[in-house]
Structures are given as C-alpha cells and as structure tokens.
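**Student:** Numbering (the working numbering), first residue to last: 12 to 339.
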C-alpha cells in the first residue's frame with residue numbers, strides 16, 4: 012500500500028510500493044532500517060518468477076542447441092523466451108535483494124532488468140505477429156534472405172528499445188530524491204510509466220490490426236481451398252472458425268494479462284494502495300508463463316525435440332518439416 016504523503020527517509024524500506032498509515036510494502040526502493048515482514052504478494056511473484064524461468068529456460072535451450080531451429084520464426088520465439096526468462100529471473104532477484112541483500116543501487120538494477128525484460132517480451136510478441144502476417148501476405152517470397160535480414164532488424168530494434176527503457180531508472184530517471192514524482196511502481200517516475208503504458212497501447216493496437224488482417228487472409232485462403240477441392244461448406248466453416256478461435260485466444264490472453272496493469276499505470280499514482288498494483292501486476296507476469304505454451308510447446312518441431320530428449324534419443328541434426336509461422 013501507499014502512504015498518504017511522501018515517505019521520510021528514515022521510514023523507507025526496500026521494494027516498489029509504499030503503504031498507508033506509516034507502514035511500507037516490500038516494493039518501495041528506500042534504504043532498509045529494519046527487517047521487512049514477509050509480504051505474501053512478493054512470495055507469489057517469486058514463485059511465478061521461478062515457474063516462468065523454468066518454462067522459458069527449456070525453450071531457450073532447445074532452440075539454442077538445435078541447429079535446425081535457425082529459421083526466422085524460431086529466432087523470434089527464442090527472443091520471446093529469452094525476454095520471459097529474464098523477466099522470471101528479475102522477479103526472483105528482486106525478492107532476494109529486497110529481503111536478503113537490501114541495496115538501493117542493486118534494486119535499481121533489478122527494476123531496470125524487469126523493465127527491459129517485460130518490454131522485450133511485449134515487443135517480441137509484436138514481432139511474431141508481424142512475421143505471421145508477412146508469412147501469409149507474402150507467402151511466395153517469405154522464405155528468402157530478405158526475411159532473414161528483416162528478422163534480425165526487428166530483433167535489434169526490439170532489444171535496443173527495451174534496453175534503453177530499462178536503463179532510464181539506472182541513469183537517473185527515478186523518483187528516489189523526489190517521492191512526489193513516483194508512480195505506482197517505485198522508483199519509476201510517473202512520466203516514465205506513462206511512456207511505457209502508451210507504448211504498450213500502441214503495440215496492442217498494431218497487433219489487433221494485424222490479427223484482423225490475418226483473420227481475413229485465413230478466411231480467404233480457406234474459402235479458395237474449399238472451392239478448388241470441392242470441400243463442403245461446413246468443412247470450410249469449421250476450418251475458418253478454428254483458425255479465428257486460435258487467433259482470438261492468442262490476442263485475448265495478451266490483452267487480459269496486460270491491459271489491467273497498463274490502464275492502472277495511467278490512472279494510479281504513488282498515493283494509491285500497493286494492493287491495487289499487486290493485483291494488476293500479477294496477471295501481467297502470467298503472460299510470460301503462458302507464452303511458452305502458446306508459442307513454443309504447441310509447435311510440432313519443438314514437441315519432437317522435447318519428446319526425443321525425454322526418450323534419451325536426442326539428435327540435433329534430426330530433419331524437420333519447414334513450416335510457416337502462421338502454422339505455429
């Protein structure tokens with residue numbers, strides 16, 4: 012929870028959010044005067060970070076150690092898994108530094124890591140959406156050197172922008188010396204969080220538009236195939252509905268996880284109870300937990316590798332059928 016006014020330096024404790032009535036939560040980045048009482052919300056975030064790290068570490072290792080996974084779509088999935096892996100590690104490190112190794116400087120680093128990783132995760136989802144759209148819109152030229160070059164450019168832009176966002180608190184754009192400028196996520200300033208939130212809404216709007224276009228292309232392709240192969244109308248309807256349902260689940264999951272936190276970042280300020288921030292932040296972390304299931308573990312090639320590893324017969328040179336990102 013938050014204090015009604017700016018906290019005195021003698022009252023601050025380690026963490027992100029301040030609390031009302033003179034107490035502070037573990038999420039207010041101030042120097043520690045006395046040991047913090049264990050916050051159940053922080054425990055839940057740490058457990059979530061552990062699950063996120065384990066899931067995405069599997070994806071990163073599989074993609075990194077399998078030479079066949081060098082196609083653009085796997086590079087983008089790997090980028091998403093790496094971002095989510097860092098997000099999970101950031102949640103674990105934040106918990107450890109808050110309760111066991113309190114340090115203002117180190118806490119700034121962990122907050123910077125979390126900003127970088129979550130920004131990279133959302134941006135990677137956008138690049139995957141763009142890649143899926145282009146694989147359908149330019150199906151004949153998708154498998155070319157131009158696609159590889161475009162993929163590397165998107166990855167550079169994604170991680171470059173994410174690192175810049177994450178460095179801002181470390182470079183001095185924080186509210187440690189001016190508590191009244193704090194946002195609901197200390198030590199980030201209100202202006203910093205507004206920029207992040209507006210960037211999210213822009214990404215979401217672009218993804219929504221692209222998925223609408225993907226749905227139109229999928230419906231048109233399904234109709235053309237049905238006409239050419241003389242399929243029944245019911246078969247065409249089932250295929251189209253299945254494709255649209257999959258896209259709806261993908262976009263709906265992303266929106267339900269991130270929209271509450273993004274909206275609250277715009278409406279809330281440092282005086283709001285920390286409980287509200289925890290309630291909206293936790294679903295956002297779940298997006299990094301769900302991403303491997305949607306984008307990696309549903310992929311048949313990755314499934315094959317995982318099964319062969321479990322069976323003890325892993326071969327990094329095993330052949331794969333080349334698939335379009337739209338199939339993933």
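Every residue, glycine too, gets a C-beta built ideally from N, C-alpha and C.
(1) I need the boundaries of the alpha helix (DSSP H) containing residue 174, first residue and last residue.
(2) Can the beta-carbon of residue 195 be found less than 8 angstroms from the beta-carbon of residue 275?
(3) According to DSSP, is residue 200 part of a helix, a strand, or is it coil?
(4) Is residue 186 helix, strand or coil when you go by DSSP?
(5) Does DSSP put residue 42 in a helix, a strand or coil?
(6) Quick one: is residue 131 buried, meaning 16 or more other Cβ sit within 10 Å of its Cβ, or exposed?
(7) Out of 169, 68 and 82, which one is the CA nearest neighbour of residue 158?
(8) Counting only runs of 3+ residues fully inside the segment 40 to 127, write out the beta strand (DSSP E) ranges in chain order.
(9) Thinking C-alpha only, which one of 306, 305, 143 and 61 is nearest residue 219?
(10) Please tell me whether residue 124 and residue 89 are closer than 8 angstroms, where the distance is taken between their beta carbons.
(11) How far does the alpha helix (DSSP H) with residue 321 in it extend, from its first residue to its last?
(12) With DSSP as the reference, please indicate the residues paired to residue 226 in a beta bridge.
(13) Just curious, the alpha helix (DSSP H) that residue 302 is in, first and last residue?
(14) With distances taken between CB atoms, is the gap from residue 166 to residue 221 smaller than 8 angstroms?
(15) Leaving out the 5 sequence neighbours to the left and right, which residues in its chain are closer than 8 angstroms to residue 261 when beta-carbon positions are compared?
(16) Straight-line CA distance for residue 337 to residue 146?
**Tutor:** Result, derived from the coordinates:
(1) 156 to 181
(2) yes
(3) strand
(4) coil
(5) Because the pLDDT of residue 42 is 39, which lies under 50, any placement of that residue in the model is unreliable, and the question is left without a value.
(6) buried
(7) 82
(8) none
(9) 143
(10) no
(11) 311 to 321
(12) In DSSP, residue 226 forms no bridge with anything.
(13) 285 to 302
(14) no
(15) 222 and 305
(16) Bear in mind that the predicted position of residue 337 carries a pLDDT of just 49, short of 50, making it unreliable; the figure below should be weighed with that in mind. The straight-line gap from Cα to Cα measures roughly 7 angstroms.
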